[in-house]
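Trainee: In the numbering used here, the protein residues as written are 96 to 214.
One structure, as structure tokens, below. Some questions next.
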């Protein structure tokens with residue numbers, strides 16, 4: 096038996112459930128559209144074409160998101176290394192030390208540039 100058959104069966108069940116849910120809600124739900132329902136909802140605030148206060152959206156949010164991704168990827172690489180540390184040997188240890196040093200240099204650079212200060 097192919098080992099991928101259960102995975103394909105689970106994917107088919109998930110796709111069938113998603114399709115059934117979409118069709119069932121479109122058939123059973125009320126269809127009373129008005130102008131308020133068709134507008135974008137922004138936490139009860141009237142949506143405006145420009146940012147609040149007329150200014151630009153701060154780039155700081157994107158920088159924080161990128162920093163989160165970088166340090167999240169670091170943890171993704173460190174966890175398997177920690178689990179299989181005994182069987183990897185000295186080469187993997189040297190590679191991981193170089194990786195951590197590289198990430199630490201990036202962290203120090205961001206820290207010196209003020210990327211971690213939240214105003």
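Virtual Cβ for every residue (Gly too), placed ideally from N, Cα, C.
Which of helix, strand or coil does DSSP assign to residue 101?
Mentor: For the purposes of this step, residue 101 is taken as the residue at position 6 of the chain shown. Residue state, collapsed to three classes: helix.
Trainee: Going by CA-CA distance only, name the one from 195, 165, 158 and 164 that's closest to residue 176.
Mentor: Residue numbering aside, residue 176 sits at position 81 when the chain shown is read from its first letter. Checked all of 195, 165, 158 and 164; the closest Cα to residue 176 is 195.
Trainee: Would you call the region 188–206 and the region 152–166 touching, i.e. three or more CB-CB distances under 8 Å?
Mentor: yes
Trainee: Assuming residue 210 and residue 133 make a contact with CB atoms under 8 Å, what is their CB distance in whole Å?
Mentor: Here residue 210 is taken as the residue at index 115 of the chain shown, counted from 1. Here residue 133 is taken as the residue at index 38 of the chain shown, counted from 1. That pair is no contact at about 40 Å.
Trainee: Is residue 122 helix, strand or coil by DSSP?
Mentor: Reading the chain shown from its first residue, position 27 is the one you call residue 122. Residue 122: helix per DSSP, three-state reduction.
Trainee: Using alpha carbons as the reference points, say which of 99, 155, 114 and 102 lies closest to residue 208.
Mentor: Position 113 of the chain shown holds residue 208. Of the listed residues, the one whose Cα sits closest to residue 208 is 155.
Trainee: Can you name, in chain order, every residue of its own chain whose Cβ lies under 7 Å from the Cβ of residue 103, other than the five neighbours on each side?
Mentor: On the chain shown, position 8 is the one that residue 103 refers to. Excluding sequence neighbours, residue 103 sits near nothing in its chain.
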